[in-house]
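For the sequence shown, this note's numbering assigns the number 2 to the initial residue and increments by one for each residue that follows. Just below is one structure, and these are the notes that go with it.
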Amino acid sequence: MDVVLILLVVIVAWHMLRVRYQRTHIALLGKHLSKLQLERHMETLTQGYTRAIHEKEASRQLQVLETFAQTERAVAAQLATLAQDMQKENDADTRMGTLAFCLPYAERFLPSVTRDFRKLLHIHATGLRHVVDNEAGWEAKERAFHLSAELYLLQHSCHWFCKSRTVADARLAMRHQVQHQKVLESVSDTTRSAYVRWLQEAA
């Protein structure tokens, strides 16, 4: 009975510690996002691209996609602002674990399994600007496809920072019916190569 009680106490304590840790990350990111309209713009684009794809005529698809040009530029600009503002935060406050589950305060005792969220945001900002500016010269529909993937991967990274990699994977699959690996394969080469290097680098 004592063993069961001890296990119960440990589980409850672990849960409370994890929730407290995750709340600090949520509050930190939320503080910066509250100054921007990034989330609203991202929602507009992801829903708009889906609507455009379901248009039967190519001319109508192009017409719908062209209406989002201003929002695309706003997303790129605001993500750059977010990445820049997060640079002002302490390294210890912006570390995120690479393990599937949340390991509270791993940056203090196991830094090798953590990565810098600030660097990841910079990767997203650079990659998104690359696609918005269409440096690869994609057709409108292909560009929208890659830009959607960039937005999905950004959402995944934010959920990962706030919760855990497993939660981020689940939300991506539930909300957009796509797996993380597929999204990673669909972003620009600029984003994907930098993302992989970030994930593989030592803390």
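Where is the CB? At the ideal position from N, CA and C, for every residue including glycine.
*asked:* Taking a contact to mean a Cβ-Cβ separation below 8 Å, would you say T1 touches G128 in this structure?
replied: Since the first residue of the chain shown is 2 and the last is 204, residue 1 is not available in this structure.
- Task: With DSSP collapsed to three states, give me the class of T115.
- Result: strand
Looking at C103 and K164, is the spacing between their C-beta atoms short of 8 Å? In contact: K164 and C103 (Cβ atoms closer than 8 Å).
_Quick check: the Cα distance between E44 and E73, rounded to an integer number of angstroms?_
11 Å
Exercise. Could you spell out the range, first to last residue, of the beta strand (DSSP E) harbouring G31?
Key: Not the beta strand (DSSP E): G31 falls in the alpha helix (DSSP H), residues 3-34.
Given this structure, state the Cα-to-Cα distance separating L18 from V11, to the nearest angstrom. CA-CA distance, L18 to V11, rounds to 10 Å.
For this session: Kindly say whether G98, judged by its beta-carbon, lies nearer than 8 Å to any beta-carbon of chain B.
Result: The structure shown has no chain B; it contains just one protein chain.
Kindly indicate the opening and closing residues of the alpha helix (DSSP H) around G49. 39-54
- request: Please state whether DSSP places G138 in a helix, a strand or coil.
  value: Correct three-state label for G138: coil.
What are the residues that DSSP puts in a beta bridge with M97? R116
Requested in this report: Taking all protein chains shown into account, decide if S189 is buried (16 or more other Cβ within 10 angstroms of its Cβ) or exposed.
Outcome: Under this definition S189 is a buried residue.
From the DSSP output, in three-state form, read off D92 for me.
-> Correct three-state label for D92: coil.
| query | If you draw a straight line from the C-alpha of H181 to the C-alpha of D3, how long is it? | reply | 42 Å
Could you check which residue in E186, V5, K120, I124 has the C-alpha nearest to that of K89? K120
>> Is the beta carbon of H160 closer than 8 Å to that of A174?
In response: no
Distance check for P112 and R24, CA to CA, integer angstroms please.
20 Å
Simplified DSSP assignment, three categories, for T82: Three-state result, T82: helix.
| query | To the nearest whole angstrom, what separates the beta carbons of L1 and A171, a pair I think is in contact under 8 Å? | reply | This structure does not reach residue 1, given that the chain is present from 2 up to 204, and the question cannot be answered.
Q) Mapping DSSP to helix, strand and coil, what is L69? A) At residue 69 the sequence reads Phe, which differs from the Leu that was named. In the structure shown, F69 sits in coil (DSSP, three-state: anything other than H, G, I, E or B).
Query raised in the report: Apart from the five residues just before and just after I27, which ones in its own chain have a Cβ nearer than 6 Å to its Cβ?
Result: C163
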